[in-house]
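Read top to bottom, the protein sequences are chains A and B. Going by the numbering used here, the first residue of the first sequence is number 9, and it counts up by one from there. Going by the numbering used here, the first residue of the second sequence is number 9, and it counts up by one from there. From the three backbone atoms N, C-alpha and C, an ideal C-beta is built for every residue, glycine too. Treat the numbers as computed from the prediction; the structure is a model and nothing was measured.
Number of protein chains: 2
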Amino acid sequence: MRRSERLIRMTQRLLDRPHQPLSLSELSDSMGAAKSSLSEDVAMIRRVLESDGAGLVDTIQGVGGGVRYRVAVPSGLRSAFVEDMVARLSDSSRVLPGGFLFMSDVLGDPDVLDISGRLFAEAFDAAGVEVVVTVETKGIPLAVATARYLHAPVVVVRREHRVTDGPALSLHYVSGSERRIQTMSVSTRAMPRQARALVVDDFMRAGATARAVMNLLAEFSAEVVGTAVFMSTNKPAAKLVDQFVSLFRLEQLEEGQRVRVGPGDLALPRSVR
Amino acid sequence: MRRSERLIRMTQRLLDRPHQPLSLSELSDSMGAAKSSLSEDVAMIRRVLESDGAGLVDTIQGVGGGVRYRVAVPSGLRSAFVEDMVARLSDSSRVLPGGFLFMSDVLGDPDVLDISGRLFAEAFDAAGVEVVVTVETKGIPLAVATARYLHAPVVVVRREHRVTDGPALSLHYVSGSERRIQTMSVSTRAMPRQARALVVDDFMRAGATARAVMNLLAEFSAEVVGTAVFMSTNKPAAKLVDQFVSLFRLEQLEEGQRVRVGPGDLALPRSVR
């Protein structure tokens, strides 16, 4: 196999399997190339991706050795995305009764999902995430996009216990916006025990849902490494969860007035956060 | 820029943007290479991906010209996946009351989602899909994984009309398994009109839900190009939708008896379908 073909194949295998170690021995067998040649190829792929800010390539020591691609978002792409979304979301026609912002279109847009997933994954890349947990319904696409780049399973917490989930663990909580008692439940067979969990959701106002998810996960002895939301609100300033990051902030939303959306902490380059 | 670096970058850009045309003029500017050199690079990437069965690279004629990567699943990967899943799903501990099969773990597995999304996208690659429609909750991850490779938005049909969806169109239908009247609704702002729609769901028994989604989409003058489900049941043999494809078939499931799962039509190589 010629070197140029090997570079294409190696780039493809790495990008198709984010956050998964690929064994150099297996690559060497399947490509019919010496490990030393493959190491040079990997070095070049690493150099190109890192100089573009498009990803990292780890070398994993140990039996056989391996390589692993981890996602990163080039700063130009991040800032173009943030600017575009801030404009798209700061649109008074999106205001819904009760102080909600219509985002169903945005949260189904394949580019928004992919780049949001990359940004969430990049932010929690080193946290050893073993499971991505979300609450039905609108957080699911974001959680799936994130889990792809962290190579972790997605577990969906449901509002209602359904037969297809099998036995489930449930709890009650008081929703922040509606001030009424609600239920959430998660399949005991789908949710691993003692896992490092990243909570992903679309929207956070007071943080009552995120807090309830943390309480639910505590029943599985999970360690919550963080909470990442697409949008958080400026008000109330005090949230029920201590640590969370958001891509966007809803700075102002009142019926009949203009909506103002700004960048959240995740919208800034990593170096200045 | 050296050729080897260009090949890595070009492979990355294509794979990161499935089903999206990339302009050769823009690539030529950003890489500082002549279009003729880029065309040679594209030809080599195409040759490698196609010989591996890992994807297609189209050349798009017209102003400026462009290239586009379309996903394909190598036959070895497909058959290993199908074999593994048939074994994993044919497990009597998955039987739930009412003749359901527990699949929540599988439907959150990042590898299962990615390869299922690739297989669905590959099957409907030429259908000009403009929107992927699913019903909450369990179909959403599959729809998101599929939509990534078709570069189409995901629209989620909901069981209940929620405030954050804005105005919605609703209909009633009779569920096949429970024989009771249920409601589904979709945000009128999220769902485009006159779009070519692919319906994706996790499970199909009689097809009442898929049929209801088709009726709902008819209100938007959508053209349903197909229905793709992760698993369909052998019984009842007559479904309420004419055309659907499935990855797996539930051949037998009775409480206290063994479960038998087999490959569906999508599990077979494209050539023999």
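Subject >> Given 8 Å, three or more beta-carbon pairs between the segment 213-223 of chain B and the segment 76-90 of chain B >> reply: no
Original post:
Taking just the CA atoms, how far does E263/B sit from V103/B?
Top reply: Residue numbering aside, residue 103/B sits at position 95 when the second sequence is read from its first letter. Residue numbering aside, residue 263/B sits at position 255 when the second sequence is read from its first letter. Spanning the two alpha carbons is a distance of roughly 7 Å.
Subject >> Separation of D173/B from M111/A, as counted between CA atoms >> reply: Working through the first sequence from its first residue, we reach residue 111/A at position 103. Working through the second sequence from its first residue, we reach residue 173/B at position 165. Computed Cα separation, rounded: 8 Å.
Original post:
Between the Cα of E227/A and the Cα atoms of T196/A, V233/A, K243/A, which residue gives the shortest distance?
Top reply: On the first sequence, position 219 is the one that residue 227/A refers to. When each option's Cα is compared against that of E227/A, the closest is T196/A.
Original post:
Any residues in the segment 129-148 of chain B with a beta carbon nearer than 8 Å to a beta carbon of chain A? Which ones, in chain order?
Top reply: E144, T145, K146, I148
Original post:
Sorted by chain position, which residues of the same chain lie with C-beta nearer than 8 Å to D210/A's C-beta, five sequence neighbours on each side aside?
Top reply: Start at 1 with the first residue of the first sequence, and residue 210/A comes out as number 202. Correct list, in chain order: M111, L115, K146, G147, L150, V237, F238, M239.
Original post:
Starting from Q20/B and walking both ways along the alpha helix (DSSP H), at which residues does that stretch end?
Top reply: Sequence index remark: in the second sequence, residue 20/B carries index 12 (1-based). It spans 11-24 - the alpha helix (DSSP H) in which Q20/B sits, taken as one unbroken run.
Original post:
Using 9 Å as the limit for Cβ to Cβ distance, is D209/B near chain A?
Top reply: If you number the second sequence from 1, residue 209/B lands on position 201. Not an interface residue.
Original post:
Does the beta carbon of Q202/A sit closer than 9 Å to a beta carbon anywhere in chain B?
Top reply: Counted from its first residue, the first sequence places residue 202/A at position 194. Chain B contact via Cβ: absent.
Subject >> Buried versus exposed call for R86/B [16 or more other C-beta atoms within 10 Å across all chains shown] >> reply: Here residue 86/B refers to the residue found at position 78 when the second sequence is read from its first residue. Classification for R86/B: buried.
Original post:
Would the C-beta of T67/A count as close to the ligand MG, meaning under 8 Å from any of its heavy atoms?
Top reply: With respect to the ligand MG, the structure shown offers nothing to examine, as it has no ligands at all.
**OP:** Report yes or no: is there a C-beta of chain B within less than 9 Å of the C-beta of F110/A?
**Re:** For the purposes of this step, residue 110/A is taken as the residue at position 102 of the first sequence. Yes - at least one Cβ of chain B is within 9 Å of the one on F110/A.
**OP:** Could you please give me the residues that DSSP links to R31/B through a beta bridge?
**Re:** Mapped onto the second sequence, residue 31/B falls at position 23. The residue asked about is misnamed: residue 31/B is Ser in this sequence, not Arg. Looking at the DSSP assignment, S31/B forms a beta bridge with G74/B.
**OP:** Pull up the distance between the alpha-carbon of V233/A and that of A135/A, whole angstroms please.
**Re:** Your numbering for residue 233/A matches position 225 in the first sequence. Your numbering for residue 135/A matches position 127 in the first sequence. In a straight line, the C-alpha of V233/A is about 7 Å away from that of A135/A.
Original post:
Name the chain B residues whose beta carbon is nearer than 7 Å to that of D113/A?
Top reply: As a working note, residue 113/A is residue 105 in the first sequence. By Cβ distance, chain B contributes R197, A198.
**OP:** Indicate whether at least one CB of chain A lies closer than 9 Å to the CB of V71/B.
**Re:** As a first step, residue 71/B must be located in the second sequence, where it is residue number 63. Closer than 9 Å: no.
**OP:** Report back the beta-carbon spacing between V75/B and L22/B to the nearest angstrom; my notes put them in contact at under 8 Å.
**Re:** Here residue 75/B refers to the residue found at position 67 of the second sequence. Here residue 22/B refers to the residue found at position 14 of the second sequence. Contact holds; Cβ gap of about 7 Å.
Subject >> Alpha-carbon spacing of L274/B relative to T235/B, whole angstroms >> reply: Counted from its first residue, the second sequence places residue 274/B at position 266. Counted from its first residue, the second sequence places residue 235/B at position 227. Between L274/B and T235/B, the C-alpha separation is close to 12 Å.
Subject >> Partner residues on chain A for D37/B, Cβ-Cβ distance less than 7 Å >> reply: Counting from one through the second sequence, the residue named residue 37/B turns up at place 29. Result: empty, since nearest Cβ-Cβ is about 14 Å, beyond 7 Å.
Subject >> Residues near G40/B by beta carbon distance below 7 Å, same chain, minus five either side >> reply: Within the second sequence, numbered from 1, the residue matching residue 40/B stands at position 32. Cβ within range, chain order: M9.
Subject >> With 16 other Cβ atoms within 10 Å as the buried cut-off, status of E259/A >> reply: Here residue 259/A refers to the residue found at position 251 when the first sequence is read from its first residue. Exposed, because fewer than 16 other Cβ atoms sit within 10 Å of the Cβ of E259/A.
**OP:** List the residues of chain B whose Cβ lies closer than 7 Å to the Cβ of I53/A, in chain order.
**Re:** As a first step, residue 53/A is located in the first sequence; it is residue number 45 there, counting from the start. Per Cβ cutoff of 7 Å: I16.
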